[in-house]
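Take 1404 as the starting number for the sequence shown in the numbering used here and just add one per residue.
Here the structure comes first, spelled out in structure tokens, and everything after it is commentary.
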Amino acid sequence: MSVGEVLAPSVLVVVLNWNGWEETLTSVDSVLRLDYANLRVLVVDNGSTDGSIEHLRTIRDDRVELLELPENRGYTGGCNEGFRRALVAGAHYVWLLNSDAVAEDTETLTSLVALAESDPKIGLVSPRLADPGEGGRLNWCGSICSTDPLVKDMTEDPEEARRWVLEYPNAGDVLGAAMLVKSSVIREIGMLDDGFFAYWEDTDYSYRSTLAGYRNLVAENCIIRHLWKHPTRNPFAIKPHVWYYLARNECRFWRKHMGVIRALRPCWWSFNGMLRNLLRCKGNPNLTDAMLAGLWHGWINRDGPYHSEFRMPTPLAAAIWRYAMSKAGPSPFIDGEN
């Protein structure tokens, strides 16, 4: 660095691996190709059992550190280890990047940090997300979440995302797939909520950021390639544990931030949305049992990891199936997410 040159804010890029070393290596390689000079990468292996460790140890770059966790602590637990390392190291930012996400534009991180630095009240920043491959369709341009007014939605449409920024300036909801977090925000609002384990933890963190007075924005000039596992377009491609967390954690989110009584309305809407997914996956008990278990555990407020033996009580499950078959109409709320 030459005399008088100001070093860019330091960024710790956290890439969480769980039984997917090939995708992780591709993601890390894309980060190392970025033009952002002041970054380090922490690869967190979340208790993988597929031999990932041996492959991840082959990374040869002084900017990369490998943290080997003895068990799977979920997305929240693994990323929180990254948060702790960043705070100890004095990093200005943490960039949570999914192991199946790829940064193709070398200026991606530079643009994200520039947006975050433009206003001290910007807390979280995300790029847009698009399907893998050249010309891949945009699959996420922004989300909103608020309890007053009560709203939760996401969009693939850039124009709609821009309107939301104006209509709901304090309701920005960014995805954890490529979420840039100011360290000052972590110090103020804390870590990710470990109770979610995976899914909806990013919405929870975004909402907590807005409660603290921050705005969460999407950088329109940035795109990350990330395969979107869309619940309505290809529900059978989503694994049972994902369905479980989606069903459980939405209810847990509303209960956490609205209380049991006020949460009845959004929980009812999301319940009906999940019932449509239940019908879409009818015939695959691995998926439907996981959804039902998630709905049950969301209502009784259970947290922690998913186990394949989880079941909703049989009489309740039978009643819900009957209701689903008779009331399979559209939900008035959050239809795009379920």
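Just so it is clear, CB atoms sit at the ideal spot from N, CA and C, and this is done for glycine as well.
The model shown is predicted, which means the values in this text are computed figures rather than measured ones.
How many Å lie between N1367 and A1693 at the Cα? Lying before the first or after the last residue shown, residue 1367 is absent from the chain, which here runs from 1404 to 1741.
For K1685, report the span of its alpha helix (DSSP H) as first-last. Neither: K1685 is in no alpha helix (DSSP H) and is coded neither H nor E.
Can you give the Cα-Cα distance for R1665 and W1657, rounded to whole angstroms? 8 Å
Jot down the residue ranges of each uninterrupted alpha helix (DSSP H) in the stretch 1447 to 1489, minimum 4 residues, whole runs only, in chain order. 1455 to 1459
In angstroms with no decimal places, state the Cα-to-Cα distance between L1442 and S1430. 15 Å
Could you tell me whether the Cβ atoms of I1595 and Y1610 are closer together than 8 Å? According to the sequence as given, residue 1595 is Leu; it is not Ile. Not in contact: L1595 and Y1610 (Cβ atoms no closer than 8 Å).
For D1607, the first and last residue of its enclosing alpha helix (DSSP H): 1604 to 1614
Measure the CB-CB distance between P1535 and R1628 and report whether it falls below 8 Å. yes
DSSP-derived helix/strand/coil call for H1710: coil
Start-to-end residues for the alpha helix (DSSP H) that takes in M1661: 1643 to 1665
Using the beta-carbon count (16 or more within 10 Å), is T1509 buried or exposed? exposed
Assign I1723 to one of two classes, buried (16 or more other C-beta atoms within 10 Å of its C-beta) or exposed (fewer than that). buried
To the nearest angstrom, how far is it from the Cα of F1417 to the Cα of P1718? One detail in the question is off: residue 1417 reads as Val in this sequence, not Phe. In a straight line, the C-alpha of V1417 is about 44 Å away from that of P1718.
Between the Cα of L1499 and those of F1713, N1420, R1705, P1643, spot the shortest distance and give me the residue it belongs to. N1420
How long is the line joining the alpha carbons of A1506 and F1674, rounded to whole angstroms? 35 Å
C-alpha distance - M1404 paired with A1440, whole-angstrom precision: Because M1404 carries a pLDDT of 45, less than 50, the predicted location of this residue cannot be relied on, and no value is offered for it.
So, with DSSP's three-state summary, where would you put P1718? helix
If you follow the alpha helix (DSSP H) that E1570 is part of, which residue opens it and which one closes it? 1561 to 1570
Using DSSP bridges, identify the partner residues of D1496. Reading the sequence as shown, one finds Tyr at residue 1496 and not Asp. Answer is V1414, K1585, bridged to Y1496.
Mind checking S1700: buried by the 16 CB within 10 Å criterion, or exposed? Checking the sequence shown, residue 1700 turns out to be His, not Ser. Buried: at least 16 other Cβ atoms inside 10 Å.
Does DSSP classify N1501 as helix, strand or coil? strand
Within 10 Å of its beta-carbon, does T1452 have 16 or more other beta-carbons around it, so buried, or fewer, so exposed? exposed
Roughly how many angstroms lie between the CA atoms of E1747 and I1626, to the nearest whole one? With the chain covering 1404 to 1741 only, the question about residue 1747 has no answer from this structure.
Cβ pair R1531, E1623 closer than 8 Å: yes
CB contact flag (E1468, G1450, <8 Å): no
Starting from the Cα of D1576, find the closest Cα among I1589, Y1648, M1557, T1513 and give me that residue. M1557
Have a look at W1646, W1672, P1669 and flag the residue whose alpha-carbon is nearest the alpha-carbon of C1684. W1646
Determine the DSSP secondary structure at K1730, reduced to helix, strand or coil. coil
Mind checking who V1541 pairs with in its DSSP beta bridge? The sequence given here has Leu at residue 1541, not Val. Its beta-bridge partners are A1533.
Going by DSSP, what residue range makes up the beta strand (DSSP E) through L1553? 1553 to 1558
When DSSP labels each residue in this structure, what does L1595 get in the three-state scheme? coil
Report, in whole angstroms, the separation of the C-beta atoms of N1689 and R1655, which I expect to be a contact under 8 Å. The pair is not a contact, with the Cβ atoms about 22 Å apart (cut-off 8 Å).
Considering Cα atoms alone, identify which of E1457, A1504, S1514 is closest to A1580. A1504
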